[in-house]
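Taken in sequence, the protein lines are chains D and G.
Take the position in the first sequence, starting the count at 1, then add 9; the result is the number in my numbering.
Take the position in the second sequence, starting the count at 1, then add 237; the result is the number in my numbering.
Here a beta-carbon is modelled for each residue, glycine too, at the ideal position from N, C-alpha and C.
A short write-up of the structure that comes next.
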Amino acid sequence: MKNFVIMLLAGLLLASCKVQAPQGNAEVIPPKASPGELMLIQNLNAKSEKGLEVLFDKTGAAVVGTLDSNGLKVLAPNIPAGKVKLRVLDGGREIFTTEVEILATQALQMVMQMDASGKISTLSKMPYSGGFDQGFAQASRQLSYDILNEKGQVLFSASVAYPATERKEVFEKPEGDNIRNTNEKVQNVVFPLKIPNMEGATMIRLYDSGGDDLSQSAARAKRKLIQEISIR
Amino acid sequence: MKNLITLLSILAATIQPMFAQVTIQANGSLNYAIVLCNGPSSTKYDLVFIGDGFTSAEQTMFNQKVDEAVQAMRDLTPYRETMCSFNIWRVNVVSTQSGVDHPKDGIFKNTALDCRYGNPAIGQAERCIQSDSPAKCYEAAGYAPAYDAVFVLVNDTQWGGCAGGLVFSSISTNFSQIITHELGHKVGGLADEYDCYVCDGTDAGRIYTGPEPSQVNLTKNTNRATTKWGDLILPATPIPTTSGASTVGLWAGGGYYGTGIYRPQQTCQMKSSSQPFCAVCHRTMRDVMDDRCTICELRPWFCFDRFIAVPWYDRIRWRIPWPWPPCLSCPPDRPDFSDVIFEVRFDEKFLEGSQLAVKDENGEILAKADVQKNGEPLVLTFKGNRFKSYNVEFESGKPQSAKITLKPTITARAQ
């Protein structure tokens, strides 16, 4: 009998631990989002003293604001596309859970290194939740790029300012000395390039371009090919 | 067998991890901290601050320095008015040792991002701080949701900084000026307006003979009708311009050349980082940053201009949800909106006794306006706070038999 009471009490204790706050009409809008996009968790009816925490599976998401004291604005975290469990925790206690879908990012970020000869290598490539480099840079020298599919067709084209090969000192001393720049050339330049995450894209071609208007086909034809890099 | 071992050795030496591991301090369940978030990264300009030479015990100091840098933006126009264009993130990188390398003095520290001052022994300017492992800097920045610019603050009070793809700065006095100047390059695509390159007297008065510069704040075109900022040059302003510190004209010097090229004003943030932006740079920055803000972030009252018409019988109560829900990131984090004056106006004619009241979330009346005389409009002005929500309640003086529609105009403006 004693054991039964203990087991009963233990069972009740366990059950009480699993009791969750009523989820009411809480909902996530939109239920599908790309990393970096805002998702609104509405009608949460939670008044937390410890602060609410939002997890997408095991990854924490930035809570960037509240909605009328009754919901949260969260940024979808940078995790692989797919369905995940969104959980809202209050002091570690789950008060709301639902399934949401993380969509593929619109962009990929490649961190590249250019050596003194101009050769470019890829240091990393990862999904990127921000935007991608688009349009043509207004610069006297541009790094232009085309994204191609397996058939060699150009899917996308853009340019960025040519990665800096000289360092600048961009300030003056508080006591008023003027800026000085050195003529030191940097041997290796590491730079990020944000490209669209396009279906069917297999290759990126990088070009050295002058200050021409690359929206004109004649200027594009004059570009000097630096390298082709697989982005498969 | 020997060949196999040799081959494996070569392979081991060749195959390096794409990124080395950088140790960071998590912020709760996040690998970064939100300094300022105004919306999706795809629509905002994302800045990431990372630190080098800050030990785990010095992370609070790093956080404070980031706050100082952000405050510098808030203090300088046009950043001040357009903070809505930015997301600002902080990644707390932990170094084993405090400080960074000073090769000139033979001081070397074990830090996460391998930052150092320049080495004069190999022809580098000492004040030019750089990292010998830029890939680690990008790795650290990659913990943030996104980045358009990466600022590396190094834990050293000797004046110094440098900019290439990454921006480096020490935490010496006025280091935050580097942030605002560099953002001029990165956000606005603005050129430096310095009239020399080495600036030790050996390169004074260099003559620019190149093509028309692509940047908006430099030109070689002296035709006031066609020059880039001709619309801002008054007819009476002489060209070239040589007097009037605030006069927009064609001032000789810029882009590291002393002559043959012109800048818009005598001083500018892009010439001297202790100065405000000149009119041309200000306009350019504003154009770019405005594009990163929603209309309701820039002018929140636009939301209210479209305020719904409400059916009304004898009493209407409605709430001003502020921040206003349809704008996902509205209002922006605008310091000039820390205190807001709300004006609620009905132009309809009301009966005596009609009342308009603003209440806080607890129902306490914060401001009230009554129709004193039949046929008067109702106007109520009160000072609110951008972080709070308010309830606006209207009650008619007498029950109305007919349904009418009210179109209140609610404006919010900075003090």
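Looking at the backbone, the Cα of D:M212 and that of D:I156 are separated by about 6 Å. Under DSSP, G:V424 forms no beta bridge with any residue.
Scanning the stretch 368 to 450 of chain G for uninterrupted beta strand (DSSP E) segments of 3 residues or longer gives 386 to 391, 398 to 400 and 404 to 406, listed from N- to C-terminal end.
Annotation: D:S133 to D:I240 spans about 11 Å, alpha carbon to alpha carbon. Between G:S278 and chain D, the shortest Cβ-Cβ separation is below 8 Å. With respect to the 8 Å criterion, G:G288 and G:D393 are not classified as neighbours on the basis of their beta carbons.
By the C-beta criterion, the stretch 415 to 427 of chain G is judged not to be in contact with the stretch 458 to 478 of chain G, since fewer than 3 inter-stretch pairs fall below 8 Å. Among the residues facing chain D, G:Y494 is not included, as its CB has no counterpart in that chain under 8 Å away.
D:G101 does not reach chain G, its nearest Cβ partner there being about 11 Å away, counting only Cβ pairs nearer than 8 Å. With fewer than 16 other beta carbons inside 10 angstroms of its own, G:P357 counts as exposed. The Cβ-Cβ distance between G:E318 and G:S413 does not fall below 8 Å. G:E449 and G:G491 do not touch by the CB rule: their CB atoms are close to 13 Å apart, not below 8 Å. Beta-bridge partners assigned by DSSP to D:V198: D:M123.
Looking at the DSSP output, D:Q118 bridges to D:M135 and D:K203.
At least one C-beta of chain G is nearer than 8 Å to the C-beta of D:V199.
Of the candidates G:A516, G:P614, G:N300 and G:K508, G:P614 places its Cα closest to the Cα of G:G590. Within the stretch 53 to 74 of chain D, the residues whose Cβ lies closer than 9 Å to any Cβ of chain G are, in chain order, G60, E62, V63, L64, K67, T68, G69, A70, A71, V72, V73 and G74. In the three-state DSSP reduction, G:A516 falls in the helix class (H, G or I). For G:F299, the enclosing alpha helix (DSSP H) stretches over residues Q296 to D312.
In this model, G:A606 and D:P201 are separated by some 57 Å (Cα to Cα). Taken atom to atom, the span from the alpha-carbon of G:I415 to that of G:G421 is near 10 Å.
G:K605 sits in a strand when the DSSP states are folded into three classes. In the displayed model, G:A358 falls within a helix according to three-state DSSP.
Around the C-beta of G:T417, 16 or more other C-beta atoms lie within 10 Å, and the residue is accordingly described as buried. When DSSP states are grouped into helix, strand and coil, G:R523 belongs to the helix group. Contacts with chain G at 8 Å (Cβ-Cβ) do not include D:S168. Within chain G, A383 have C-beta atoms less than 7 Å from the C-beta of D:Y137, given in sequence order. Taken atom to atom, the span from the alpha-carbon of D:A210 to that of D:Y154 is near 13 Å. Leaving aside the five residues that flank G:R461 on each side, the residues in its chain whose CB is nearer than 7 Å to its CB run, in chain order, G467, I470 and I476. Neighbourhood of D:N206 in chain G, by CB distance below 9 Å: empty, with the nearest CB roughly 12 Å away. Chain order gives the chain D residues near G:A372 as V120, Q122, L132, S133 and V199, where near means a beta carbon separation below 9 Å. Taking each of D:F141, D:N79, D:A42 and D:I50 in turn and checking the Cα distance to D:K203, the smallest one comes out for D:F141.
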